[in-house]
Every structure is written in structure tokens, then in C-alpha cells.
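Numbering (the numbering used here), first residue to last: 20 to 509.
Glycine residues also receive a C-beta, built at the ideal position from the N, C-alpha and C atoms.
Quick caveat, the model's predicted, so the values are computed rather than measured.
Working notes for the structure below.
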């Protein structure tokens, strides 16, 4: 399968090249070039386990790579604490898809246990001899998952940037204590959008002029990399198969999914699953107080010129949703500007507007809603009181929005809410929501949360306590390129 840039469909590369590059030379994102989605037999996945589904999906997108079954076995082995990898749990009148059973207790593990292997195999196939340097901008969870996934992977180095003060204490501890000889993390003075924009600028500059003095190429572990996005498709098929197995629906009947998202990658994976034939009724986009995506789906106007809020769900504190660019390409009409023109408008004016035809197609596929801090906290408290199920703040946003969607539409289709992280990654926010007094130490908060709820603390988080910080650098957003160069040229 060939991959093209969202900003220049005449630029086409192989799947291994797309994975290695991460981003196209023109700054666009790679997407499949008119794949024969009708040729994918989604029904053949029903009843299979997660690994078998991943093999079929990886082979569809990355068919050039050898030994995909072996790659999948290595990616989804003992580092997940359940054989199901992504179990589906019935909670009240809805289902929760638990995506936090990997080594860093976040949904990013599903993709980032696979991406380093996809990259290594792609490098071998392309005969790449230069070191591949992974650059990551994270709003919290991607950073640790990427650091853990790429730790000591031969031929690679990884540098993770996160917004200073913009992640939870547990998320920060996960990144600054990371072990490995090829890893580095640094805080950026600014918010996530500043951090992500800085990383994108480094990629654009590297594509244009390289990094003088460095014998390396840059790549990405963010969901802008197609190798990071594709593995996330698998759990939509797994959830649907589980619904059929449970008798919640018949094969071919649609199910709905509510996805808490900021960068639009997790929900875009659901859209790709839909294009591959999975019977999805509606993908409901759930936003926190930074509701730029909610407004876009409602009005067709994407406008980042608005207040930025730091919330209890920091992985969604985003005003520039990178993966939306892929959807712009997929749904574009003759009346729309090209993706390149829309991205230029966003860069210069901070906003763009799509056509009425685009908006109609968008709203036929996606619902939307948002939850402010009060609603998020109330949801955590109410779901635990009613169902003894403990939500993290991101999942609470998804649960609230799914409830509002069901109330307004009266929809009777099964509703799956994607749960993106363990509540123990955000113990202060969860304790506050439950009305439990606490001190200032987040690790003591974990113990208190366990004592009050009986919910197990993931081992990878419990063992963070007392680990020595390895990385303490804080850089200005305008100095990120020079910081990377200083690490590569010594």
C-alpha cells in the first residue's frame, strides 16, 4: 500500500518510508492512497482474539513488512496485565473499553508497544543506517508510553517534550525517571499547543535543511505517524466483536463509540475502522473545557483563537488537533479549500471554515459534546456511587458526553465509552471529585484512593515512588530546535 501526503497527493511513499519519516516533507500527514477498503473482510475478525485481529489489520496497512505475526506477538506479550489486552466492561447502561492495561496505564501503550517494532522492521527493509531520532510532544500519556516503547531499541533515540506544569505529577514522574540509555525528556515553558508546534517546526526545518553535524533522521511517535495510528484501529474491532459475543447486537448491526480526545487521533482510528467496514453508527467526540473540536463538529468552523484551560484531564488540553488534518482530506468536497490552504489559514489566522457539504458529511459520522470541570468531577463521583466503577477524568468526560448524547437522541444502539487511562494517573483530581481530603503528595494520594475505593493500584505506578529524577531540563519553546541539535551534535 502506498501513502500520500494530506497536503500533496502527488507525493507518495511506501508504508515503511511513511513509518520512518513520520511526517511528509511538506508538513502533511501520511494517509493510505485510495486503499480498497471494500476488500477488507471485517467479519473474518469476529470471534478472534486481540492479537489475531492486530495481525490482519497490520498486514492490511503494512503488508510489505516481514513476519507481522512475530511482531504482534512481541508487541502484545506479557507487558499487558490481561490476556484480552483491551477488555470491554459493562457499566450501567453502557460499556467501557478499558485501554489502560499496558505498561504505562494509558491507551497509548496499545500503539506504542507496536510502533518501535514497526519502525525497526521498516528501517531494515529500507536499508537505513542513520540513527532514527524520535521526537515527541506530549500532553501527558504519549510521552511515557513512547519512552517505554523505544527504551533501548537499537538504532533509535527518543526525546520527549511536555508542557511545564501542564501534566499531572504522576505523569511527570513517569517521564523524568524513565530508564534507558537512549531516552531523554524535557519540559517546555508553554502549553501543549506550544510544545506540539515546536516539534512540528523542528520536523519542517529538518526536512528542509537537515540537522547540521548530526548523522540522524527524525521521526515521530505521536499519532501524526501512521505507524502509531493504525494499531489503535484494532481495539474498535475487538470491542465490536465482544458486543456480538455477549449478544448485545447481531453481526452487522451498528454500535456507537464515545471517545475523549484532544488531538483527534484516537477517534480517527475509529473512523478508519468504519471505512474498513466496521458497523459504527456514530463516533461521538468528547471534549473537556477546551472544546474546539466540539464547536467544529457543530458549526464547521475550526477556531483556536479562544482561551486555553488547564484542566483535570490534561491529555485533552489542546487547541490544535493535528489528526483532524487527515479527516479534512478524507471528507473534502469540491467547495473546500485544499488541506494545505486550510492549514495555512490555521497557521496565519488561527481559524478556518469548511463548506456546507463537508459539514453535512461530518455530522453524519460524528457527534460531539463537552464537559467542564464541575461536570467531570460530578461524573466521577456519581459513577462510583452508582456502579462502584472508578473513572479517570478523561474517561469521565467521555461518560458524561455519551450520556448527554443518549439523552438527546434517544438512541438504543450499544454505546461504548473509551477509557483512556487508569484513575491512579490522576489521584488528586479523582480524590477531589470523590470529596476525600488529602495532602499534596500524589503517591500518598494513590494509597488513599486505594483505601477508599478498593480499586487496585497498577504496579507500574506504585513502583514510581522514590525513583530518582534523571531529567530536569526546562527549555523555552523557541529554543527547542537548538536543544535537539545540542543533544545530537556532541
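Nearest-angstrom Cα separation, counted from residue j out to residue i
i, j, result
"residue 317", "residue 118", "28 Å"
"residue 356", "residue 421", "32 Å"
"residue 282", "residue 231", "31 Å"
"residue 100", "residue 365", "42 Å"
"residue 129", "residue 136", "13 Å"
"residue 156", "residue 354", "33 Å"
"residue 358", "residue 346", "10 Å"
"residue 413", "residue 127", "13 Å"
"residue 58", "residue 471", "51 Å"
"residue 394", "residue 338", "20 Å"
"residue 239", "residue 245", "9 Å"
"residue 225", "residue 93", "32 Å"
"residue 1", "residue 279", "Absent from the structure is residue 1, since the part of the chain shown begins at 20 and ends at 509."
"residue 125", "residue 53", "32 Å"
"residue 405", "residue 109", "13 Å"
"residue 20", "residue 79", "8 Å"
"residue 374", "residue 351", "9 Å"
"residue 477", "residue 97", "15 Å"
"residue 262", "residue 44", "42 Å"
"residue 301", "residue 335", "21 Å"
"residue 25", "residue 111", "41 Å"
"residue 162", "residue 180", "8 Å"
"residue 185", "residue 194", "13 Å"
"residue 191", "residue 159", "8 Å"
"residue 50", "residue 219", "18 Å"
"residue 401", "residue 489", "39 Å"
"residue 463", "residue 384", "43 Å"
"residue 389", "residue 290", "20 Å"
"residue 146", "residue 86", "17 Å"
"residue 507", "residue 427", "54 Å"
"residue 363", "residue 177", "29 Å"
Beta-carbon spacing of residue i, residue j below 7 Å
i, j, result
"residue 452", "residue 396", "yes"
"residue 115", "residue 416", "no"
"residue 164", "residue 105", "no"
"residue 392", "residue 459", "no"
"residue 292", "residue 461", "no"
"residue 249", "residue 141", "no"
"residue 500", "residue 221", "yes"
"residue 34", "residue 23", "no"
"residue 174", "residue 132", "no"
"residue 241", "residue 287", "no"
"residue 243", "residue 76", "no"
"residue 277", "residue 303", "yes"
"residue 217", "residue 170", "no"
"residue 378", "residue 319", "yes"
"residue 387", "residue 439", "no"
"residue 202", "residue 166", "yes"
"residue 564", "residue 309", "One cannot answer for residue 564 here, as it falls past the ends of the chain, which runs 20 to 509."
"residue 486", "residue 196", "yes"
"residue 327", "residue 321", "no"
"residue 442", "residue 411", "yes"
"residue 247", "residue 138", "no"
"residue 409", "residue 474", "yes"
"residue 48", "residue 344", "yes"
"residue 223", "residue 46", "yes"
Residues that residue i bridges to, as DSSP identifies them
i, result
"residue 49", "24"
"residue 238", "153"
"residue 279", "305"
"residue 321", "371"
"residue 33", "21"
"residue 274", "299"
"residue 495", "208"
Residue i beta carbon near the ligand ATP (any heavy atom closer than 6 Å)
i, result
"residue 69", "Because no ligand of any kind appears in the structure shown, any question about the ligand ATP cannot be addressed here."
Check whether the stretch 52 to 69 and the stretch 289 to 305 touch, using three or more Cβ-Cβ pairs below 8 Å as the test. yes
Within the chosen definition, does the stretch 488 to 504 reach the stretch 207 to 216 through at least 3 CB pairs nearer than 8 Å? The stretch 488 to 504 is in contact with the stretch 207 to 216.
Within the stretch 411 to 451, ranges of the beta strand (DSSP E) (whole runs, at least 3 residues): The qualifying runs are 434 to 438.
At 3 residues or longer, what runs of the beta strand (DSSP E) sit wholly inside the stretch 450 to 475? none
Inter-stretch contact (C-beta, 8 Å, three-pair minimum) for the stretch 218 to 237 and the stretch 150 to 160: yes
Taking the runs of the alpha helix (DSSP H) that are 4 residues or longer, which of them lie wholly in the stretch 346 to 402? 358 to 368, 375 to 384, all fully within the stretch 346 to 402.
Give a yes or no on contact between the stretch 440 to 459 and the stretch 365 to 375, applying the rule of three or more CB pairs nearer than 8 Å. Between the stretch 440 to 459 and the stretch 365 to 375 there are fewer than three inter-stretch CB-CB distances shorter than 8 Å, so the stretches are not counted as touching.
Taking 8 Å as the cut-off, does the stretch 272 to 291 touch the stretch 423 to 434 (at least 3 CB pairs, one atom from each stretch)? yes
Where are the beta strand (DSSP E) runs, 3 residues long or more, that stay fully inside the stretch 287 to 319, in chain order? 299 to 306
Continuous alpha helix (DSSP H) assignments of at least 4 residues falling wholly in the stretch 159 to 206: 160 to 169, 188 to 195
Validate contact between the stretch 242 to 258 and the stretch 70 to 80 using beta carbons, cut 8 Å, 3 pairs: Contact between the stretch 242 to 258 and the stretch 70 to 80 is present, because at least three Cβ pairs lie under 8 Å.
Which whole runs of the beta strand (DSSP E) in the stretch 67 to 132 are 3 residues long or more, in chain order? 107 to 110, 113 to 117
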